[in-house]
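First residue of the sequence shown: 101, per the numbering used here; consecutive thereafter.
Take a look at the structure below.
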Amino acid sequence: MLSSQHRSRTFQPTPRLIFPYLFAITLLLNGCGMGSKNPPPIATAAFAFVTNSGSSSVSALAMDSSGSLSLIAGSPFPAGAGAEFLAFDSAHKFLFVSNQNANTVSAFSVNTGTGQLAAVPGSPFATGARPTGIAVDPAGKFVFVANQAADSISVFSIGANGSLSAVAGSPFTAGNPYGLAVNAAGTILFASNFPDSSISDLNSVSAFQIGANGTLNSIAGSPFPTSSTAGFASAIGLAADSAGKFLFVGDHMAQSIVPFNITATGVLTPVSALPAAAPACSVSCHNNPLRLAVHPNDQFVYATNVQAGTVSAFKITNGALSSIAEVPAGQHPFGVAFGPAGQFLFAVNKLDNTISAYSVNSSTGMLSPLNGSPFSGNLNAPTDIVVIAKN
Numbered sequence: 101m102l103s104s105q106h107r108s109r110t111f112q113p114t115p116r117l118i119f120p121y122l123f124a125i126t127l128l129l130n131g132c133g134m135g136s137k138n139p140p141p142i143a144t145a146a147f148a149f150v151t152n153s154g155s156s157s158v159s160a161l162a163m164d165s166s167g168s169l170s171l172i173a174g175s176p177f178p179a180g181a182g183a184e185f186l187a188f189d190s191a192h193k194f195l196f197v198s199n200q201n202a203n204t205v206s207a208f209s210v211n212t213g214t215g216q217l218a219a220v221p222g223s224p225f226a227t228g229a230r231p232t233g234i235a236v237d238p239a240g241k242f243v244f245v246a247n248q249a250a251d252s253i254s255v256f257s258i259g260a261n262g263s264l265s266a267v268a269g270s271p272f273t274a275g276n277p278y279g280l281a282v283n284a285a286g287t288i289l290f291a292s293n294f295p296d297s298s299i300s301d302l303n304s305v306s307a308f309q310i311g312a313n314g315t316l317n318s319i320a321g322s323p324f325p326t327s328s329t330a331g332f333a334s335a336i337g338l339a340a341d342s343a344g345k346f347l348f349v350g351d352h353m354a355q356s357i358v359p360f361n362i363t364a365t366g367v368l369t370p371v372s373a374l375p376a377a378a379p380a381c382s383v384s385c386h387n388n389p390l391r392l393a394v395h396p397n398d399q400f401v402y403a404t405n406v407q408a409g410t411v412s413a414f415k416i417t418n419g420a421l422s423s424i425a426e427v428p429a430g431q432h433p434f435g436v437a438f439g440p441a442g443q444f445l446f447a448v449n450k451l452d453n454t455i456s457a458y459s460v461n462s463s464t465g466m467l468s469p470l471n472g473s474p475f476s477g478n479l480n481a482p483t484d485i486v487v488i489a490k491n
C-alpha cells in the first residue's frame with residue numbers, strides 16, 4: 101500500500117508498470133466483445149422456411165436482426181414430391197406444404213424457439229391432383245388446398261396436434277385453382293384459375309363463402325370478371341390486404357398486377373380497367389409477375405418477375421397501383437415474403453438456389469439489397485418462403 105506521502109503526489113507509472121495496465125485493459129475490452137476479432141453472433145430474431153421442389157423438402161433458416169439468413173441444424177426436413185407452396189396457421193404452431201407431384205399435403209409442428217420441424221401424426225394427407233396454392237383461415241381452423249388438375253379445392257379441419265381431416269363435402273368443385281388467398285375476416289376464399297396443359301378455361305378469379313364448418317359455396321357472380329369477353333391473360337399470383345378491402349391478382353402473361361375491390365359479400369369489382377389480353381407467345385414472354393406480397397402497412401405490393409429476374413414494388417392508393425421500382429433478384433424468382441415486422445423482404449430464386457434479401461423503406465416502399473444477399477445453403481429449386489418471429 102502506498103504511504104500518505106506517496107498518495108499526495110501525482111502517480112507516474114514507470115515503463116515496467118505500464119504493460120500490466122495495458123494487459124488488464126485489453127482483457128477488459130475483449131471480455132466485453134469490444135476488442136475481439138470474432139464478436140459474438142447476433143441473436144436469432146425469426147425463422148424462414150423454404151420449399152425445395154427439387155429435393156422434396158423444407159429448409160429452415162435463422163434470421164438475425166440484420167436480416168441475414170443461415171441454415172439451422174437438421175435442415176432440410178423431408179416433405180413430399182414437388183413441394184411447392186407453404187402456409188402457416190395464425191399462431192405459427194403448424195406449417196403446411198402442398199406436394200404437387202405426390203398429390204398430398206405435408207403438415208409439421210413448429211418449434212418457434214429453435215425453428216425445428218416435426219411431422220404431425222398422419223402426415224402427409226391426400227389431396228386432389230396436382231395441389232398448388234395453400235392457405236389457412238385467420239382463426240387457424242381450416243386448411244384450403246387448390247387441386248389444379250382436379251378442378252377442385254380440398255378443405256381440411258386442423259386438429260389440436262396439427263393433423264388434418266377432410267371436412268364434409270370436400271373436395272369442392274372449382275375452376276383450375278392455382279393460387280389461394282383468404283380475406284382478413286376469414287369468411288371468403290379467393291382462387292386464381294390458371295389452366296393447366298390439358299384445359300383451356302378462361303383465366304379468372306373464383307370467390308367462395310367459407311361456412312362455419314369449412315364448406316365452400318360459390319359467391320354470386322363468381323368467377324370474376326363476369327364478362328365472357330374480358331379476363332386475364334394468365335391469372336396466377338394472389339394477395340389480399342390486411343384490411344380485407346382489396347385483392348391483387350398477378351397477370352403472368354399480360355405482365356401486370358390487377359387490383360380489385362372486395363365488397364362485403366365477396367364480389368370483386370375492378371379498381372381500374374383490365375389489361376388487354378396478351379397475344380400467344382412462347383415462354384420467353386412470361387416475364388411478370390408470378391407471386392405477390394402486400395406489405396403489413398397495406399401501402400405497398402411486391403411481385404416477383406420470374407423471367408426478368410427482378411422484384412417490382414408498387415404503391416397502393418385506394419386500391420390503384422403505381423410503379424415504384426424494379427430491382428434485380430436471382431434467376432427465376434418465385435415465392436416472396438416479408439420478415440415479421442415488414443422491415444425485410446425475401447424472394448427465393450428457383451434456378452440458382454438462392455434467396456434475395458432486401459431492406460424495405462416503410463415510407464417509400466423502396467428496396468435495398470442486404471449485405472450478403474443473395475443467401476444460399478443447401479437449397480434445391482426453391483419455390484416458396486414464409487417467415488415467422490422467434491418466440
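No residue lacks a Cβ here, since even glycine has one placed at the ideal position from N, Cα and C.
Exposed unless 16 or more other CB atoms sit within 10 angstroms - verdict on residue i
i           : result
residue 433 : buried
residue 231 : buried
residue 314 : buried
residue 152 : buried
residue 176 : buried
residue 491 : exposed
residue 235 : buried
residue 168 : buried
residue 410 : buried
residue 483 : buried
residue 174 : exposed
residue 206 : buried
residue 472 : exposed
residue 213 : exposed
residue 291 : buried
residue 464 : exposed
residue 101 : Confidence at residue 101 is low in this model, with a pLDDT of 40, below 50, so the placement of that residue should be treated as unreliable; the coordinate-derived value is given next. Residue 101 should be labelled exposed.
Alpha carbon of residue i to alpha carbon of residue j, nearest angstrom
i           : j           : result
residue 148 : residue 274 : 31 angstroms
residue 441 : residue 393 : 14 angstroms
residue 478 : residue 456 : 15 angstroms
residue 470 : residue 166 : 8 angstroms
residue 298 : residue 278 : Because the pLDDT at residue 298 is just 48, under 50, the model does not fix this residue reliably, and the value given afterwards should be weighed accordingly. Whole-angstrom Cα-Cα distance: 14 angstroms.
residue 395 : residue 461 : 11 angstroms
residue 355 : residue 250 : 27 angstroms
residue 241 : residue 187 : 13 angstroms
residue 402 : residue 145 : 23 angstroms
residue 436 : residue 486 : 8 angstroms
residue 349 : residue 467 : 21 angstroms
residue 415 : residue 335 : 21 angstroms
residue 373 : residue 359 : 9 angstroms
residue 268 : residue 369 : 31 angstroms
residue 346 : residue 439 : 22 angstroms
residue 388 : residue 352 : 5 angstroms
residue 504 : residue 216 : Any property of residue 504 remains undetermined from this structure, which presents the chain solely from 101 to 491.
residue 178 : residue 162 : 18 angstroms
residue 226 : residue 262 : 15 angstroms
residue 496 : residue 170 : It is not possible to answer for residue 496, since the shown part of the chain is limited to 101 through 491.
residue 400 : residue 427 : 15 angstroms
residue 108 : residue 164 : Annotation note: pLDDT 38 at residue 108 (below 50); position unreliable, coordinate value reported separately. One C-alpha to the other measures close to 53 angstroms.
residue 200 : residue 266 : 18 angstroms
residue 295 : residue 172 : 38 angstroms
residue 204 : residue 264 : 11 angstroms
Beta-carbon gap between residue i and residue j smaller than 8 angstroms
i           : j           : result
residue 221 : residue 202 : no
residue 293 : residue 304 : yes
residue 459 : residue 444 : yes
residue 412 : residue 405 : yes
residue 357 : residue 421 : yes
residue 183 : residue 159 : no
residue 154 : residue 481 : yes
residue 258 : residue 243 : yes
residue 208 : residue 219 : yes
residue 343 : residue 284 : yes
residue 210 : residue 185 : no
residue 197 : residue 448 : no
Nearest-angstrom beta carbon gap, residue j and residue i [assumed within contact, 8 angstroms]
i           : j           : result
residue 233 : residue 271 : That belief does not hold up - the Cβ atoms of residue 233 and residue 271 are roughly 14 angstroms apart, past 8 angstroms.
residue 281 : residue 366 : Not quite, the Cβ-Cβ distance comes to about 12 angstroms (not below 8 angstroms), so this is no contact.
residue 310 : residue 289 : 6 angstroms
residue 76  : residue 430 : Nothing about residue 76 can be read from this structure; the chain reaches only from 101 to 491.
residue 286 : residue 237 : 4 angstroms
residue 423 : residue 454 : Actually they are not in contact, since the Cβ atoms of residue 423 and residue 454 sit about 25 angstroms apart, beyond 8 angstroms.
Closer than 8 angstroms to chain C by CB, residue i
i           : result
residue 337 : Although the question refers to chain C, the structure presented lacks it and comprises just one protein chain.
Which residue spans inside the stretch 359-425 form an unbroken alpha helix (DSSP H) run of at least 4? Complete alpha helix (DSSP H) runs here, min 4: none at all.
Entirely within the stretch 224-276 and at least 3 residues each: give me those beta strand (DSSP E) ranges in chain order. Here the runs fully enclosed are 231-236, 242-247, 252-258 and 264-266.
Please specify which runs of the beta strand (DSSP E), each continuous and at least 3 residues long, are wholly inside the stretch 186-218, giving them in chain order. Taken in chain order, the complete beta strand (DSSP E) segments of 3 or more residues contained in the stretch 186-218 are 194-199 and 204-210.
Going residue by residue through the stretch 426-480, where are the continuous alpha helix (DSSP H) segments of at least 4 residues, counting only ones entirely within it? You should have found no qualifying run.
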